[in-house]
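The sequence shown begins at 1 in full-length UniProt numbering and counts up one residue at a time. First comes the structure, then the notes that go with it.
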Amino acid sequence: MRIAHLSDLHLLSLEGAVPFRLLNKRLTGYINIRFRRRAIHKPHAVHAAAKEIRRLGIDHVVITGDVSNLALEREFVLVRSFLQRDLGLPPERVSLVPGNHDAYTKGAHRSQRFSQYFAPYLRSDLPLDDAAKRDDGAAGGDGGGSAFPFVHLRGPVAFIGLSTAWPRPPLVASGRLGPAQLRALERVLSHPEVRRRTPIVLQHHPFHNPASRAKTLLEGLGDAAAEGRLLRHVSRGLLLHGHLHRRIHRKLHTERGHIDAVGAASASLLHESDERMAGFNVYEVDDAGAIRGITSHRFVPGQEAFREVPVPER
């Protein structure tokens, strides 16, 4: 089984956005787009990635958040069109979770806007009691919590989708799973259908936080330690994330083995660094659930092509 991993698409559309909708955290985001992001985040790289994924005959695609910039409805329409037309895969072959940009404001979070626009991709094969997933005010979970975690059972693997996205003040990009989602994750990991498969955890924020406490508060995962306690019994698996805008491979050691924690570069970011240049990752899993390959496909600007490169280990 071959799995493609996209992240941080940051597809932008301000069509129909009236000025008063920018009079909140979106104002700082818009300024960033106007004077910085538009120059380095290019949608043609995202569309080229979709074309390459189709050419490779990938079995399943995962997207680990920040598909939008400002969590506007028109942006989500644009992303949905990308999924349907560019990737051209049915929802059963795509799993995606939100990032902090997809729950950018309290309104987007409260209305569960992400879940509304991408509901076909979030349907779980193992529905849990909603009481186990209900948002308790502290969790991420896209504002209502009922969509996360989800589980997609596909052959030898179980994709477990989590939301670390919740609205934060301007210039803060941290994430959190929250107590309700952590309780639900514990139940998911103990389910027989998951235990007999290799778990692939999908979340936007990386499990490994920055060394600096201040930086963790600004952009890290607030309850990474609690998540780690739940994952300690897993013998092998993948934890896939975005957020850092760079390809990176680290290991989360458990009581029975380790989990490969792998980040993908932003699919739209044109950057001089090999670690940060746009692209996507590919993972190979055999029929027994063993992880046989972790590679990245780096975008080559000007050629609209991709070059296979290793994912740097840390």
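Glycine included, each C-beta is placed from N, C-alpha and C at the ideal position. Predicted, not measured: the structure shown is a model, and the values here were computed from it.
inquiry  = Beta-carbon within less than 6 Å of Val201's beta-carbon, same chain only, minus the 5 sequence neighbours each way: which residues are those?
reply    = Excluding positions up to five away in sequence, the list reads Ile160, Leu239.
query = Can you give the beta carbon distance from residue 316 to Leu9, rounded, assuming they're within the 8 Å contact cut?
reply = Lying outside 1 to 314, the shown extent of the chain, residue 316 is not represented and no answer is given.
request  = Please classify Gly65: is it buried, with 16 or more other beta-carbons within 10 angstroms of its beta-carbon, or exposed?
outcome  = With 16 or more other Cβ atoms within 10 Å, it is buried.
ask   = For the 8 Å Cβ check, are there 3 or more pairs between the segment 274 to 288 and the segment 145 to 154?
value = Between the segment 274 to 288 and the segment 145 to 154, the count of C-beta pairs closer than 8 Å stays below three; the two stretches do not touch.
ask   = Is Ala278 buried or exposed, if buried means 16 or more other CB atoms sit within 10 Å of its CB?
value = The residue is buried, with at least 16 neighbouring Cβ atoms inside 10 Å.
request  = Please report how far the alpha carbon of Arg93 lies from the alpha carbon of Lys51, in whole angstroms.
outcome  = For Arg93 and Lys51, the distance between alpha carbons rounds to 16 Å.
ask   = Using DSSP with H/G/I as helix, E/B as strand and the rest coil, what is Val262?
value = In the displayed model, Val262 falls within a strand according to three-state DSSP.
request  = Have a look at Pro312 and Ser95 and give me their C-alpha separation to the nearest angstrom.
outcome  = So the two alpha carbons sit approximately 24 Å from each other.
task = Within the same chain, show all residues whose beta-carbon is closer than 7 Å to that of Val300, passing over the 5 residues directly before and after it, in chain order.
result = Excluding sequence positions up to five before and after Val300, its CB lies within less than 7 Å of the CB of Phe306, Arg307, all in the same chain and listed in chain order.
query = Among residues of its own chain, excluding the 5 on either side of His205, which ones have a beta-carbon nearer than 6 Å to its beta-carbon?
reply = Answer for His205: Thr164, Gly175, Leu221, His243, listed in chain order.
message = Our contact map puts Val61 next to Leu87 with C-beta atoms below 8 Å; I'd like the distance itself, whole angstroms only.
response = Sure, about 6 Å apart at Cβ, within 8 Å.
ask   = From Ser13 to Asn69, what does the alpha carbon distance come to, in whole angstroms?
value = Approximately 9 Å between the Cα atoms of the pair.
inquiry  = Assuming the contact rule is C-beta atoms closer than 8 Å, Ala261 and His297 should be a hit. Round their C-beta distance to whole Å, please.
reply    = At roughly 19 Å, the Cβ-Cβ gap does not stay under 8 Å, so Ala261 and His297 are not in contact.
key: Assigned secondary structure, Ile53 (DSSP; H/G/I helix, E/B strand, else coil)   = Looking at Ile53 - three-state DSSP - the assignment turns out to be helix.
query = Got a sec, what are the start and stop residues for the beta strand (DSSP E) His253 sits in?
reply = 248 to 253 is the extent of the beta strand (DSSP E) around His253.
task = Check whether the segment 180 to 187 touches the segment 246 to 254, taking contact to mean three or more Cβ pairs, one atom from each stretch, closer than 8 Å.
result = No: fewer than three Cβ pairs fall under 8 Å.
inquiry  = Please state whether the Cβ-Cβ distance between Leu6 and Ala264 is less than 8 Å.
reply    = The answer is yes: Cβ separation under 8 Å.
message = Going by C-alpha to C-alpha distance, which of Ser190, Thr105, His241 sits closest to Leu162?
response = Leu162 has its Cα closest to that of His241, out of Ser190, Thr105, His241.
inquiry  = Just verifying my parser: in three-state terms, what is the DSSP assignment at Thr216?
reply    = Three-state result, Thr216: helix.
request  = Would you kindly work out how many angstroms separate the C-alpha atoms of Ile40 and Arg80, rounded to a whole number?
outcome  = Rounded to the nearest whole angstrom, the C-alpha separation of Ile40 and Arg80 is 22 Å.
inquiry  = What does DSSP give as the partner residue(s) for Arg307 in the beta ladder?
reply    = In the DSSP output, where bridge partners are listed per residue, Arg307 has Arg298.
Nearest-angstrom Cα separation, counted from Thr105 out to Leu56 = Put simply, the backbone Cα of Leu56 is about 37 Å away from that of Thr105.
ask   = Are Ala147 and Leu122 touching if we call contact CB-CB under 8 Å?
value = Between Ala147 and Leu122, the CB-CB gap stays under 8 Å.
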